[in-house]
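From first to last, the protein sequence lines are chains A and B. Under the numbering used here, the first residue of the first sequence carries the number 6, and numbering increases by one thereafter. Under the numbering used here, the first residue of the second sequence carries the number 14, and numbering increases by one thereafter. Beta carbons: idealized from backbone N, C-alpha and C, even for Gly.
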Amino acid sequence: MTSEATTAAAVIGERPGAETASAAVVRPHIHAVGIAVEFPVRRSHRRVRVLSNINLSVPKGGFVSLIGPSGCGKSTLLQVLAGLITPSEGEVQVAGMHPVQASARRLIGLVFQDATLLPWKNALDNVSFLLDVADKSRPRREVRDRAREMLRLVGLEHAAELRPAQLSGGMRQRVAIARALALDPEVLMMDEPFGALDAITREEMTAFLLEIWERTGKTIVLVTHSIDEAVFLSREVHVMATNPARIIETMAVPLGYPRNEDTYAEPAFAHAELRLRRLLKEGHRTGHRQGKPGRADGAGKAER
Amino acid sequence: MSGQAATDEAGNAAGVSEGPGRSLSAGLASAAADNWPTLALLAAVLVAWEALIRLLQVSAFVVPAPSAVFRTLAAKQTQLLDAAWITGGEVLLGFFFSAITGIAVALVIARFDRFGRALYPLVVLFQTVPKVALAPIFILWFGYDLAPKIMLIVVIAFFPVALDMLAGLQSIDPSLVALMRSVGAGRTEILRRVQIPHSLPHLMSGLKIAITFSVIGAVVGEFAGASAGLGYMIQFASTQLDTPLVFAALLEVSVLGVVFFYVVELAERRFVSWVPRYERGHR
Ligand SMILES: Nc1ncnc2c1ncn2[C@@H]1O[C@H](COP(=O)(O)OP(=O)(O)O)[C@@H](O)[C@H]1O
Ligand SMILES: [Mg+2]
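Here is the structure:
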């Protein structure tokens with residue numbers, strides 16, 4: 006799968022390394038300031054505060070992970086960044102514009118935990134489907150050609166005619182990634198994309214994602230609850246805690262790229278993992294201690 | 014949705030297969046082969062029935078023996094076939110309009126939230142009205158022709174179509190909706206490109222229920238007032254105490270129902286072939 010993907014990469018709008026452009030450093034690619042999200046509580050007039058005072062900024066071509074316990078608000082935050090939820094407070098910019106606008110311009114590609122493929126379409130049509138919806142002016146042939154290229158990129162050109170039910174979990178997730186990449190987005194937002202996969206496939210897909218990122222230079226935001234995955238892939242990890250969800254720490258991963266299996270054995274890797282583990286534990290404790298929802302943010306850390 | 018673990022990527026690729034493209038005769042032959050236990054059971058029941066009637070010397074106008082029923086079937090062949098033709102026509106037309114009505118109701122409820130929330134309880138309320146009681150009213154309104162029977166079938170059979178299709182339209186993965194919205198698709202486009210195809214398997218099960226309801230509706234409609242058809246024949250024969258004819262007509266009604274049912278099932282296999290099915294060993 007790897008060798009074909011390498012040759013394919015040249016065809017598909019490979020982007021120049023983001024770091025080389027000096028101007029790109031100045032302005033973050035994704036920028037969120039003071040984000041808060043409240044949801045109405047069913048059968049009452051109360052509102053529950055799910056996210057509170059989130060500040061986040063991702064440079065162009067960066068790879069950041071959001072990590073935190075289940076239900077802490079990671080998916081909600083990702084949906085805010087993608088423009089699918091309008092925050093109650095704060096502002097988001099993606100590529101210098103409102104995320105809804107960025108979405109409409111196909112700058113944002115989304116991947117979810119379940120591949121969310123259309124079971125009645127084969128792999129190829131699943132890849133072309135979203136581009137088809139997004140860009141109605143583009144000729145069918147061109148859309149199909151692009152879909153084919155994307156399938157080749159994810160190493161599934163041989164499975165183009167197969168339906169989702171005929172694909173394994175890992176293959177389905179590759180199709181979902183190909184579908185997102187078909188839009189040629191600048192940003193890839195992924196919500197626990199490998200969460201439903203077994204450990205072996207998961208590791209394989211992690212390496213695969215890193216390869217895709219290194220090749221295409223997309224900005225990637227990855228939601229995960231796997232410490233391993235977060236450290237191995239990201240340049241920066243945002244650690245979240247609950248009640249209400251907030252970013253308690255942003256940790257830079259002190260490892261260079263390219264990374265491979267050997268990376269797992271590096272002392273810096275183990276060290277970063279340990280640090281992350283401790284942060285998560287601490288976040289968990291303060292989150293519980295703070296207890297009641299709706300309390301002011303940040304108080305939990307000060308209490309200790 | 015993603016129940017199975019996925020350790021082996023390529024090995025899985027050819028694993029699932031389905032065969033919607035079988036020819037009709039081959040299909041019938043294999044259906045007979047598949048269903049031989051059912052056929053054997055049926056034969057056993059008929060033999061036992063025949064034996065009991067003969068042993069106990071039950072009079073034919075109380076319960077006819079299978080042989081008497083088959084003799085009537087042969088003797089009144091043309092009469093019965095004409096009646097079956099008429100009833101079959103009613104069933105098909107009624108089923109067609111039930112399907113249209115059910116699909117339309119489901120689409121309206123799914124597409125227009127507010128109106129749908131208002132409409133849904135009324136549809137449910139309407140469903141609780143005993144439809145058989147409506148038959149005389151329809152006769153009063155529409156006369157003795159085809160119209161009252163079609164109307165009766167529609168009010169009986171649209172409901173399962175509407176309910177199942179709606180369930181299909183609404184059971185769509187929220188992430189898929191998010192994905193569509195993210196690229197600027199509106200409600201109608203999401204409905205058309207994602208929700209409707211997604212609902213087709215549900216629709217097909219609704220249609221399978223609707224076709225059997227349609228047969229019942231046609232017979233009830235003929236009971237209430239008709240001058241032809243299998244339902245009319247059953248009623249007429251029972252006033253004449255011609256019980257073998259009643260049974261023969263009943264048999265034709267059932268055969269009609271079974272044939273229509275399997276036609277719908279065939280359509281299901283053809284049009285929603287992506288739904289994984291477990292053909293063998295599920296009974
Ligand atoms: N639409 C919604 N309405 C009300 N509450 C919601 C909604 N979406 C999410 N929540 C709540 O917000 C919290 C965070 O959810 P989510 O972002 O999915 O967490 P995570 O992805 O980290 O597991 C959960 O407690 C969840 O119940
Ligand atoms: Mg989540």
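Classification of residue i by the beta-carbon crowding that lies within 10 angstroms, buried from 16 upward
i	result
W218(A)	buried
H243(A)	buried
R251(A)	buried
K89(B)	buried
R151(A)	buried
E266(A)	exposed
N131(A)	buried
N48(B)	exposed
R8(B)	Chain B is shown only over 14 to 296; residue 8(B) falls outside these bounds and no answer can be derived.
D126(B)	exposed
L120(B)	buried
F128(B)	exposed
W125(A)	buried
A28(A)	Confidence is the limiting factor: at A28(A) the pLDDT is only 44, short of 50, which leaves the residue's position unreliable, though a coordinate-based value still follows. So A28(A) ends up on the exposed side.
E191(A)	buried
D119(A)	buried
H276(A)	exposed
I185(B)	buried
P169(A)	buried
R47(A)	exposed
R146(A)	exposed
F139(B)	exposed
E166(A)	exposed
E225(A)	Correcting the residue identity first, residue 225(A) is Ile in this sequence and not Glu. Classification of I225(A): buried, given that the 10 Å Cβ count is 16 or more.
V30(A)	Caution is warranted here: a pLDDT of 46 is assigned to V30(A), below 50, making its placement in the model unreliable, and the coordinate value is therefore given only provisionally. So V30(A) ends up on the exposed side.
R111(A)	buried
G28(B)	The predicted position of G28(B) is uncertain, since its pLDDT is 41 and thus under 50; no value can be drawn from it.
R207(A)	buried
L61(A)	buried
Contacts that residue i makes with chain B (C-beta to C-beta distance below 8 Å)
i	result
T121(A)	D186, S188, L189 and L192
Amino acids of chain B, ordered along the chain, whose beta-carbon sits closer than 7 Å to that of residue i
i	result
I113(A)	S195
L186(A)	What L186(A) touches in chain B: nothing, since even the nearest Cβ is about 14 Å away.
R168(A)	W287
P124(A)	W287
Within chain B, partners of residue i - CB distance below 9 Å
i	result
F117(A)	D186, S188, L189, A191 and L192
S108(A)	R194, S195, V196 and G197
* Can you list, in chain order, the stretches of the beta strand (DSSP E) that have 3 or more residues and sit fully within the region 50-99 of chain A? -> Within the region 50-99 of chain A, the complete beta strand (DSSP E) segments of 3 residues or longer fall at 52-63, 68-72 and 94-99, listed in chain order.
* Tell me, please, whether the region 236-254 of chain B touches the region 194-208 of chain B by the rule of three or more beta-carbon pairs shorter than 8 Å. => The region 236-254 of chain B is not in contact with the region 194-208 of chain B.
* Is the region 191-211 of chain A in contact with the region 134-144 of chain A, if contact means three or more CB pairs nearer than 8 Å? -> Put simply, the region 191-211 of chain A does not touch the region 134-144 of chain A. Fewer than three CB pairs are less than 8 Å apart.
* Taking Cβ-Cβ distances below 8 Å as the criterion, which residues of the region 194-209 of chain B are in contact with chain A? -> So the close ones are R194, S195, V196, G197, A198, E202, R206 and V207.
* Sequence ranges, alpha helix (DSSP H) only - wholly within the region 62-142 of chain B, length at least 4 -> If only uninterrupted alpha helix (DSSP H) runs of at least 4 residues are considered, those enclosed by the region 62-142 of chain B are 79-88, 90-124 and 126-141.
* Asked: Is the region 249-259 of chain B close to the region 72-88 of chain B, with three or more CB pairs under 8 Å?
  -> Segments in contact, yes.
* **Within 9 Å of chain B by C-beta, residues of the region 66-96 of chain A in sequence order** => Those would be Q84, A87, G88 and L89, in chain order.
* Asked: For the region 216-227 of chain B against the region 176-194 of chain B, are there 3 or more C-beta pairs whose distance is under 8 Å?
  -> Three or more Cβ pairs closer than 8 Å define a contact, and the region 216-227 of chain B meets that threshold against the region 176-194 of chain B.
* To do: Could you please tell me which residues of the region 127-160 of chain A, in chain order, have their CB closer than 7 Å to any CB of chain B?
  => Residues of the region 127-160 of chain A with a C-beta atom less than 7 Å from some C-beta of chain B are L135, V138 and A139, listed in chain order.
* Compile a chain-ordered list of the residues in the region 37-59 of chain A whose CB is closer than 7 Å to at least one CB of chain B. => Listed in sequence order: no entries.
* To do: Give the residues from the region 265-284 of chain A that approach chain B closer than 8 Å (Cβ to any Cβ), ordered along the chain.
  => Answer in chain order: no residues at all.
* Complete runs of the alpha helix (DSSP H) confined to the region 131-206 of chain A [at least 4 residues] -> The qualifying runs are 145-158 and 174-187.
* Does the region 44-60 of chain A come close enough to the region 203-214 of chain A to have 3 or more Cβ pairs within less than 8 Å? -> The region 44-60 of chain A is not in contact with the region 203-214 of chain A.
* Asked: Are three or more beta carbon pairs between the region 35-45 of chain A and the region 84-103 of chain A nearer than 8 Å?
  -> Between the region 35-45 of chain A and the region 84-103 of chain A there are three or more inter-stretch CB-CB distances shorter than 8 Å, so the stretches are counted as touching.
* To do: Report yes or no: do three or more beta-carbon pairs, one from the region 267-275 of chain A and one from the region 60-80 of chain A, lie closer than 8 Å?
  => Remark: fewer than three beta-carbon pairs, one from each stretch, lie closer than 8 Å, so the region 267-275 of chain A and the region 60-80 of chain A are not flagged as touching.
* Asked: Does the region 265-276 of chain B come close enough to the region 100-112 of chain B that 3 or more CB-CB pairs lie under 8 Å?
  -> Three or more Cβ pairs closer than 8 Å define a contact, and the region 100-112 of chain B meets that threshold against the region 265-276 of chain B.
* Would you say the region 51-65 of chain B touches the region 227-242 of chain B, given that touching needs at least three Cβ pairs under 8 Å? -> No, they do not touch.
* Can you list, in chain order, the stretches of the alpha helix (DSSP H) that have 4 or more residues and sit fully within the region 138-218 of chain B? -> Counting only runs of 4 or more, we get 148-155, 159-183, 187-195 and 200-203.
* Taking three-plus beta-carbon pairs below 8 Å as touching, is the region 179-186 of chain A in contact with the region 155-164 of chain A? -> Yes, they touch.
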